[in-house]
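Novice: Take a look at this one; I'll ask things after.
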Amino acid sequence: MKKLSYKRIYESEECLSPLGMIHHRSLFGGYSLSVDDTVFAMVAHGDLYLRVCEEQATYQVTDRQRLLTLNKRGRPILLNYYLVDEDLWHNTPLLLQKSAQSLLEARKEKRIQEWSRRMRKLPNITYQLEKLLDEVGIHDPETLKAVGALTAWFRLRNIRKDLSINVLLALEGAIQGIHAAIVPWQRRQHLIEWAEMLTAREEGITPDER
Numbered sequence: 039m040k041k042l043s044y045k046r047i048y049e050s051e052e053c054l055s056p057l058g059m060i061h062h063r064s065l066f067g068g069y070s071l072s073v074d075d076t077v078f079a080m081v082a083h084g085d086l087y088l089r090v091c092e093e094q095a096t097y098q099v100t101d102r103q104r105l106l107t108l109n110k111r112g113r114p115i116l117l118n119y120y121l122v123d124e125d126l127w128h129n130t131p132l133l134l135q136k137s138a139q140s141l142l143e144a145r146k147e148k149r150i151q152e153w154s155r156r157m158r159k160l161p162n163i164t165y166q167l168e169k170l171l172d173e174v175g176i177h178d179p180e181t182l183k184a185v186g187a188l189t190a191w192f193r194l195r196n197i198r199k200d201l202s203i204n205v206l207l208a209l210e211g212a213i214q215g216i217h218a219a220i221v222p223w224q225r226r227q228h229l230i231e232w233a234e235m236l237t238a239r240e241e242g243i244t245p246d247e248r
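Per this note's numbering, the very first residue in the sequence shown carries number 39; after that it's consecutive.
Have a look at this one:
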């Protein structure tokens with residue numbers, strides 16, 4: 039079986055070479071295939087498996103037996119990779135297309151995970167606040183700093199009217215790299231006055247300054 043897997047690995051590397059330099063390594067009893075350290079496929083039991091992604095709705099995985107199952111510490115784990123059957127394997131253009139989609143989706147997820155880790159390193163950014171920021175298009179520290187605390191809070195209030203001024207101070211602290219409680223007094227007062235002015239009105243206003 040190991041020889042079959044290596045054979046499929048080398049065949050896959052040759053077939054999918056237009057995607058870039060493909061590397062493989064042992065993983066969970068199988069072998070991962072990656073481009074630029076991004077895993078998009080697996081080889082196990084002599085077969086190729088591609089990462090499931092939304093773009094492959096026309097090739098929907100409805101049979102759980104088509105998904106890759108490997109053993110980790112003696113326990114079976116179901117991975118989000120679907121079997122490349124013989125029909126797909128011999129259809130090189132389609133296989134290359136679906137492999138490219140899997141790689142693109144894997145890169146997107148990896149980028150989001152990296153953004154998430156960086157956001158959580160900021161002070162005052164809780165898991166819940168991170169998710170809210172993500173909903174309004176603020177995915178990373180650079181974007182948060184670019185839009186500023188006022189605009190970020192204004193966007194958040196469009197989806198959560200009950201957000202308190204403390205969240206605004208938390209955002210400002212995150213931008214400055216400090217705890218919300220020690221935001222400089224002058225800046226704190228400016229933020230509070232602006233927030234009170236906004237909440238006092240029946241309709242929201244777009245902040246002119248950050």
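Here a beta-carbon is modelled for each residue, glycine too, at the ideal position from N, C-alpha and C.
Here the structure is a predicted model, which means the values were calculated and not measured.
#1: What residue range does the beta strand (DSSP E) around Val221 cover?
#2: Taking all protein chains shown into account, do 16 or more other C-beta atoms lie within 10 angstroms of the C-beta of Met235, making it buried, or fewer, making it exposed?
#3: Which partner residues does Gly68 have in the DSSP bridge list?
#4: Please report how far the alpha carbon of Arg104 lies from the alpha carbon of Arg156, in whole angstroms.
#5: Since Lys110 sits in a beta bridge, which residues does DSSP pair it with?
#6: Between the segment 163 to 174 and the segment 189 to 202, can you find at least three pairs of beta-carbon atoms closer than 8 Å?
#7: Bridge partners of Leu121, per DSSP?
#8: Hey, how far is the Cα of Leu213 from the Cα of Pro222?
#9: Restricting to Cα atoms, I'd like to know which of Asn129, Ser154 and Phe78 is closest to Asn118.
Specialist: Checking against the coordinates, here is how it stands:
#1: To locate residue 221, count along the sequence shown from 1; it is residue 183. That residue, Val221, is in no beta strand (DSSP E); it is neither H nor E in DSSP.
#2: Within the sequence shown, numbered from 1, the residue matching residue 235 stands at position 197. Exposed is the call here.
#3: Numbered from 1 along the sequence shown, position 30 holds the residue referred to as residue 68. Per DSSP, Leu65.
#4: Within the sequence shown, residue 104 is the residue found at index 66, counting from 1. Within the sequence shown, residue 156 is the residue found at index 118, counting from 1. Cα to Cα, Arg104 sits roughly 35 Å from Arg156.
#5: Walking along the sequence shown from the start, residue 110 turns up at place 72. Arg113, per the DSSP bridge assignment.
#6: yes
#7: Here residue 121 corresponds to residue number 83 of the sequence shown, with the count starting at 1. DSSP output for Leu121 lists Tyr87 as bridge partner(s).
#8: Your numbering for residue 213 matches position 175 in the sequence shown. Your numbering for residue 222 matches position 184 in the sequence shown. For the record, residue 213 in the displayed sequence is Ile; it is not Leu. Distance between the alpha carbons of Ile213 and Pro222 is about 13 Å.
#9: Position 80 of the sequence shown, counted from the start, is the residue given in the question as residue 118. Among Asn129, Ser154 and Phe78, the Cα nearest to that of Asn118 belongs to Phe78.
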